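Inspection log for the structure reproduced underneath, given as structure tokens.
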Amino acid sequence: MKEPSPSLDRDQQILSRLARIQHKVDSLEQTTAFALRADADRHFQSVKHIFRNSKRKAQVYLAANGQRSVAEIAEHLSMKQPNVSSILRVLHEEGLVEIIDAHGGSNTWARTALDRTLRITRFLRQEYRLDGEGKRANKKAR
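Have a look at this one:
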């Protein structure tokens, strides 16, 4: 009977450790989400303050969907790239967006998990009548 190679055994141990780490991260995120929901009203007031009367900020936030760089967001929304960059910087400082990929000086932006916890996207879509990509929502015929 052939014994497993030491490197295969080591790889299996590494995979097992990574799985436990991932489980702990998931548990931590869930715990954080529950804690945020418990005090959601207070946190949501902060969200409203961040986006107060700023449709452009809402548009950039919604367009930062994990698939677009600053240039792509600017093109998608027909905005100037420096304006988009400054809005993303503010949203990043507030903990609402993050860089999920950096390629050749081009960062891909995405909403943080806080979006799902506080349902920020839903609020902004209703408040500013935008679609999920940050563009003006089509009016439905009655």
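Final position of the sequence shown in our numbering is 163; the numbers increase by one with none missing. Glycine included, every Cβ here is placed at the ideal spot set by N, Cα and C. For clarity, every value in this text was computed on a predicted model and none was experimentally measured.
Between the region 68-79 and the region 140-158 there are three or more inter-stretch CB-CB distances shorter than 8 Å, so the stretches are counted as touching. Around the beta carbon of residue 83, a 10 Å sphere encloses 16 or more other beta carbons of the protein chains shown; the residue is thus reported as buried. In this chain, the beta strand (DSSP E) harbouring residue 128 covers 127-132.
Per DSSP, reduced to three states, the secondary structure at residue 36 is helical. Going by C-alpha positions, residue 88 is about 27 Å away from residue 64. For the 9 Å CB-CB criterion, residue 118 and residue 131 form a contact. Scanning its chain for C-beta atoms nearer than 8 Å, with the 5 sequence neighbours on each side dropped, one finds around residue 141 the residues 68, 82, 117, 132, 135, in chain order. Taking residue 105 as the centre and dropping the five residues before and after it, the same chain places the C-beta of 81, 91, 94, 95 closer than 6 Å to its C-beta, in chain order.
As the crow flies, the alpha-carbon of residue 153 is around 42 Å from that of residue 34.
Residue 97 places its beta carbon less than 9 Å from that of residue 156. Nearest in C-alpha terms to residue 128, of all of 138, 100, 110, is 110. CA-to-CA, the gap between residue 149 and residue 37 works out to about 46 Å.
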